[in-house]
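Participant: Numbering (the working numbering), first residue to last: 11 to 578.
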């Protein structure tokens, strides 16, 4: 009796593709799985959350976002305010003609004289302003300022002055001056399409896009590598599983070998042969355990965890689909200009290179622009007002009192470096960087056809090999079951049965290895043809779970438990 086997496909969560594998049916050659299994879904989920390369690339994306914000920050509006206050003494020497205040014929000895021996100056000013740099290179500043000045003289009067009817001089009121102005500055040779600021912002945006593509590519590669690591772990587990099954069969045979010798079915030499086979299988079992734990550690490293308890035995249940009913994915003849153009337009490595080339072009332009003369055109327009008052309100609004018209000012300044070796060196470096990227792009484009051709040929080859391997496995499984029945009936010798044991294990491993080869070829084909779906990932990875992954869905558990052991 033997079980029917099928080829099945798994629709990958992250690739949206059909990945083919083999379903395990209930038969006599399968060990019962544990209740909890570790699925490919569990592995990919943990890898995307905790893989070291993915987490590093997430931080690189955050850095790129920060640089883009910094570049755009040059265009942010800034608001400011300034103020100052001055209090100063202005003494006058009596020999100074300014010492005499009033009529010139009055002498210092005159009893009617007025004399200024000192004056105090109190001056306060303040301003508010807004300034902004526009992407075309235009720098603007709108400001309003006021200044208030008080001059207070320290007078002396002659002895007879107070006795007369002349009034003494009073302190003067504050003189207030207000100004509203708009200032514009434009670098003539470094503005509009040649604005360095705009080009730097565009460069930062290219780098941000490049890091986004890089994160997507890192996630895609992580999913592919995690899938391969999972399959390697699965293969090691299957090999260990088969050897453990064989060891159980040897134990059963050892328990019955004496009775079979007495019955004349086996010879005494078969007892020695059985011991040799048990010892040989035990060595193979020990090697399989080493490989099992090695692949488990490799998978844990891909997942970004050192907790091996998270990784249970791999699942082996898939959705059913007959591969014979599936059309070929593609043939070499289907690799035409349209497919090449699609891949060149959409594949992540090409898109990253295009962003790098775009940024390199801007780098050349920036280097050339910085070598141009610094010619700055300035323009200022505004108005002045004034009041003569100590009132605070009139001081603040003085810029709008007694206005006589607009004030206009224009300026231009030019600076030239006759021998600018620094700029020429930067231009040379930028051009070399651009040419290097173009060489990489040309290489990728010229090898694209060969790469796709190799993927397609490998995919179709493994697909055909998988169909053949499935047929060989079916026949070997049937033959193995028949040989076990013949051994129980005493029709074949023990050494023939042991040979069939090894052939069945080999056929099983070859079947799964061919399956894995096909799956890997399918992933490579999907990646090469830009058919991988983009994945959104949170910038900060979630913490590792405290408990092992959840058990497989109910249908998978049921399929895993529907097994029985063979007694031989």
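For each residue, glycine too, the CB sits at the ideal point set by N, CA and C.
1) Residue 251 to residue 475, Cα distance in whole Å?
2) I think residue 370 touches residue 443, with their Cβ atoms under 8 Å apart; what is that distance to the nearest whole Å?
3) Given this structure, state the Cα-to-Cα distance separating residue 362 from residue 88, to the nearest angstrom.
4) Identify, in the order they occur along the chain, each residue of the same chain with its Cβ nearer than 7 Å to the Cβ of residue 247, setting aside the five sequence neighbours on each side.
5) Residues bridged to residue 140 by DSSP?
6) If you check the beta carbons only, do residue 253 and residue 289 fall under 7 Å apart?
7) Cα separation between residue 389 and residue 413?
8) If you pair each beta-carbon of the stretch 50-58 with each one of the stretch 308-321, do three or more pairs fall below 8 Å?
9) Got a sec? Which residues, its chain only, sit under 7 Å from residue 218 by beta carbon, not counting five neighbours each side?
10) Give the range of the alpha helix (DSSP H) segment to which residue 298 is assigned.
11) If you draw a straight line from the alpha carbon of residue 548 to that of residue 197, how long is it in whole angstroms?
12) Within a Cβ cutoff of 7 Å, which residues of the same chain sit near residue 495, ignoring the five residues on either side of it in sequence?
13) Considering only the alpha carbon of each residue, which of 268, 286 and 287 lies closest to residue 278?
14) Between residue 527 and residue 472, how many whole angstroms is the CB-CB distance? I'm expecting something under 8 Å.
15) With DSSP as the reference, label residue 264 as helix, strand or coil.
16) If we count the other Cβ atoms within 10 Å of its Cβ and call it buried at 16 or more, is residue 429 buried or exposed?
17) Look at the alpha carbon of residue 537 and the alpha carbon of residue 510, and state the distance between them as a whole number of angstroms.
18) Could you spell out where the alpha helix (DSSP H) holding residue 385 opens and where it closes?
19) Let me make sure I understand the geometry here. Which of 130, 162, 204 and 140 has the alpha-carbon closest to that of residue 192?
20) When you compare each of 286, 274, 273 and 244 to residue 261 by their alpha carbons, which one comes out closest?
21) Helix, strand or coil for residue 534, going by three-state DSSP, please let me know.
22) Does the beta-carbon distance from residue 212 to residue 149 come in below 7 Å?
23) Can you confirm whether the stretch 92-107 touches the stretch 231-246 when touching is taken to mean that 3 or more C-beta pairs between the two stretches lie within less than 8 Å?
24) DSSP three-state label for residue 479, please.
25) Quick one: what does DSSP say residue 525 is sitting in, helix, strand or coil?
26) Under a Cβ-count criterion, where at least 16 other Cβ atoms within 10 Å of its own Cβ denotes burial, should residue 186 be classed as buried or exposed?
27) If I follow the unbroken alpha helix (DSSP H) through residue 540, where does it start and stop?
28) Going by CA-CA distance only, name the one from 96, 190, 202 and 102 that's closest to residue 147.
29) Closer than 7 Å by C-beta to residue 228: which residues in its own chain qualify, once you throw out the five before and the five after it? Chain order, please.
30) Can you tell me where the beta strand (DSSP E) with residue 186 in it begins and where it stops?
Facilitator: In short, the structure shows the following:
1) Position 241 of the chain shown, counted from the first residue, corresponds to residue 251. Position 465 of the chain shown, counted from the first residue, corresponds to residue 475. In a straight line, the C-alpha of residue 251 is about 24 Å away from that of residue 475.
2) Numbered from its first residue, the chain shown carries residue 370 at position 360. Numbered from its first residue, the chain shown carries residue 443 at position 433. Residue 370 to residue 443, Cβ: 5 Å. Contact.
3) Taking the first residue of the chain shown as 1, we reach residue 362 at position 352. Taking the first residue of the chain shown as 1, we reach residue 88 at position 78. Cα-Cα distance, rounded: 35 Å.
4) By 1-based counting over the chain shown, the position of residue 247 is 237. Counting only residues of its own chain and dropping the five nearest sequence neighbours on each side, residue 247 has a CB closer than 7 Å to the CB of 302, 323 and 324.
5) Within the chain shown, residue 140 is the residue found at index 130, counting from 1. For residue 140, which the question treats as bridged, DSSP gives the partners 89 and 152.
6) Looking up residue 253 in the chain shown gives position 243. Looking up residue 289 in the chain shown gives position 279. Contact flag unset, no.
7) In the chain shown, residue 389 corresponds to position 379, counting from 1. In the chain shown, residue 413 corresponds to position 403, counting from 1. About 20 Å.
8) yes
9) Translated into positions along the chain shown, residue 218 becomes position 208. Cβ within range, chain order: 74, 75 and 78.
10) Position 288 of the chain shown, counting from 1, holds the residue named residue 298. Residues 278-313.
11) Numbered from its first residue, the chain shown carries residue 548 at position 538. Numbered from its first residue, the chain shown carries residue 197 at position 187. Its pLDDT being 41, under 50, residue 548 is placed unreliably by the model, and the measurement read from it follows with that caveat. Their Cα atoms are separated by approximately 42 Å.
12) Here the question's residue 495 lines up with position 485 in the chain shown. Nothing listed; no residue qualifies.
13) Within the chain shown, residue 278 is the residue found at index 268, counting from 1. Nearest of 268, 286 and 287 to residue 278, Cα basis: 268.
14) Against the chain shown, residue 527 aligns to sequence position 517. Against the chain shown, residue 472 aligns to sequence position 462. Contact annotation, residue 527 with residue 472: C-beta distance approximately 5 Å; criterion of less than 8 Å satisfied.
15) Here residue 264 is taken as the residue at index 254 of the chain shown, counted from 1. Three-state DSSP puts residue 264 in a helix.
16) As a position in the chain shown, residue 429 is number 419, starting the count at 1. Of the residues assessed, residue 429 falls on the exposed side of the cut-off, its CB having fewer than 16 other CB atoms within 10 angstroms.
17) Translated into the one-based positions of the chain shown, residue 537 becomes position 527. Translated into the one-based positions of the chain shown, residue 510 becomes position 500. So the alpha carbons of these two residues sit roughly 40 Å apart.
18) As a working mapping, residue 385 is identified with position 375 in the chain shown. Not the alpha helix (DSSP H): residue 385 falls in the beta strand (DSSP E), residues 384-398.
19) The sequence position of residue 192 within the chain shown is 182, counting from 1. That would be 140, whose Cα lies nearest to the Cα of residue 192.
20) Counting from one through the chain shown, the residue named residue 261 turns up at place 251. Looking only at 286, 274, 273 and 244, the smallest Cα-Cα distance to residue 261 is reached by 286.
21) Here residue 534 corresponds to residue number 524 of the chain shown, with the count starting at 1. Look at residue 534 here: in three-state DSSP terms it is helix.
22) Start at 1 with the first residue of the chain shown, and residue 212 comes out as number 202. Start at 1 with the first residue of the chain shown, and residue 149 comes out as number 139. For residue 212 and residue 149, no; Cβs fall outside 7 Å.
23) no
24) By 1-based counting over the chain shown, the position of residue 479 is 469. Looking at residue 479 - three-state DSSP - the assignment turns out to be helix.
25) Position 515 of the chain shown, counted from the first residue, corresponds to residue 525. Three-state DSSP puts residue 525 in a helix.
26) Taking the first residue of the chain shown as position 1, residue 186 is located at position 176. It counts as buried.
27) Locating residue 540 in the chain shown gives position 530, where the first residue counts as 1. Residue 540 -> no alpha helix (DSSP H), and no H or E assigned at all.
28) Against the chain shown, residue 147 aligns to sequence position 137. The shortest Cα separation from residue 147 among 96, 190, 202 and 102 belongs to 202.
29) Your numbering for residue 228 matches position 218 in the chain shown. So the list reads 63, 64 and 67, once near-sequence residues are dropped.
30) Here residue 186 refers to the residue found at position 176 when the chain shown is read from its first residue. For residue 186, the uninterrupted beta strand (DSSP E) run begins and ends at 185-197, by DSSP.
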